[in-house]
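Protein chains in written order, with my numbering: chain A, 106 to 216; chain B, 19 to 128. Cβ coordinates follow ideal geometry from the N, Cα and C atoms, glycine included. Note that the structure is predicted; figures quoted are calculated from it, not measured. Here the structure comes first, spelled out in C-alpha cells, and everything after it is commentary.
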C-alpha cells in the first residue's frame, strides 16, 4: 500500500472562498502530481513537481496554484473557488520507475 | 487525436469468463506503460506495469505491441470483484507524468 495522504477527503465550500487541499507522502518520492477527475471522465494532469522548489503546470489549464517547499508535501490552493472547480482532485507521487501511487482524493463541491 | 485511447465499454461478462482490453497510444517514443484499476469514486490503484516481453500476475496478463502501438490486459477466470474501470497509462519521453486513457468499464455478473 502506498503511503500518500490527502485532506480533507470531502469539502463543500461557498463561491469566493480560498481553499488549500493537502497532500503528503512518506515514501521519499521526488516526483508528485495533481490530477483533476470529473465523474466518468479521464484524469487530467493539472500540476506536477520533480522536486523541492520545482513546480510546473500540466496539460489541463487550472486556476489553482501549488508549492513544493518540502519533499513530502505538495499542497494545492484555489484563491477564489467557483462552481466550475467542483471536481475530484487526486494527488500522486512516483518512484524512479515512474509507477505512480495515488492518494484517496479530495471531493470538492463549490456552491 | 487523444494520446491514449481505450474502448469505454462497458464489458459485461459472466463469472469465470476471460476478457481482454486494448489500449492504443499515439506517441511511438513512449517508454513506460501501466494498467490501473479504479473502483467507483475511489482513487486509481496500480494493477501492473507492462514490460516489453509481456508479464503475468496471477489471473492478469499484460502485453505490449510496439509495432501497432497498443497494450493489452487479459483477465482470466473473472471474479465479481474484478468489476471496476481499468485505466491504461503511458509515460511520455523526457518526462515522468503519465497520460491516462479514459478507462474501460468491466462488469462481472453472477
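Tell me whether residue i is buried or exposed, calling it buried when 16 or more other Cβ atoms sit within 10 Å of its Cβ.
i                     : result
residue 62 of chain B : buried
residue 33 of chain B : exposed
Kindly list, in the order they appear in chain B, the residues whose Cβ is closer than 7 Å to that of residue i.
i                      : result
residue 150 of chain A : 115
residue 159 of chain A : Neighbours of residue 159 of chain A on chain B: none; closest Cβ ~12 Å, over 7 Å.
residue 199 of chain A : 114
residue 195 of chain A : 61
List the residues of chain A whose Cβ lies closer than 9 Å to the Cβ of residue i, in chain order.
i                     : result
residue 28 of chain B : Within chain A, no residue comes near residue 28 of chain B; the closest Cβ sits about 11 Å away, beyond 9 Å.
residue 15 of chain B : Missing from the structure shown is residue 15 of chain B; chain B here goes from 19 to 128 and no further.
From the beta carbon of residue i, is the nearest beta carbon of chain A less than 8 Å away?
i                      : result
residue 33 of chain B  : no
residue 74 of chain B  : no
residue 165 of chain B : Outside the modelled stretch of chain B, which goes from 19 to 128, sits residue 165 of chain B, for which no answer is possible.
residue 23 of chain B  : no
residue 50 of chain B  : yes
residue 46 of chain B  : no
residue 94 of chain B  : no
Using a C-beta cutoff of 8 Å, does residue i count as contacting chain B?
i                      : result
residue 132 of chain A : no
residue 205 of chain A : yes
residue 209 of chain A : yes
Specify the secondary structure class of residue i as computed by DSSP and reduced to three states.
i                      : result
residue 188 of chain A : helix
residue 148 of chain A : coil
residue 24 of chain B  : strand
residue 30 of chain B  : strand
residue 38 of chain B  : strand
For a contact defined as C-beta to C-beta under 8 Å, what are the partners of residue i on chain B?
i                      : result
residue 136 of chain A : 114
Give the interface partners of residue i over in chain A, defined as CB-CB distance under 7 Å, in chain order.
i                      : result
residue 118 of chain B : 147, 148
Inside the stretch 40 to 74 of chain B only - alpha helix (DSSP H) runs reaching at least 4 residues: none
Continuous beta strand (DSSP E) assignments of at least 3 residues falling wholly in the stretch 92 to 123 of chain B: 102 to 109, 116 to 118
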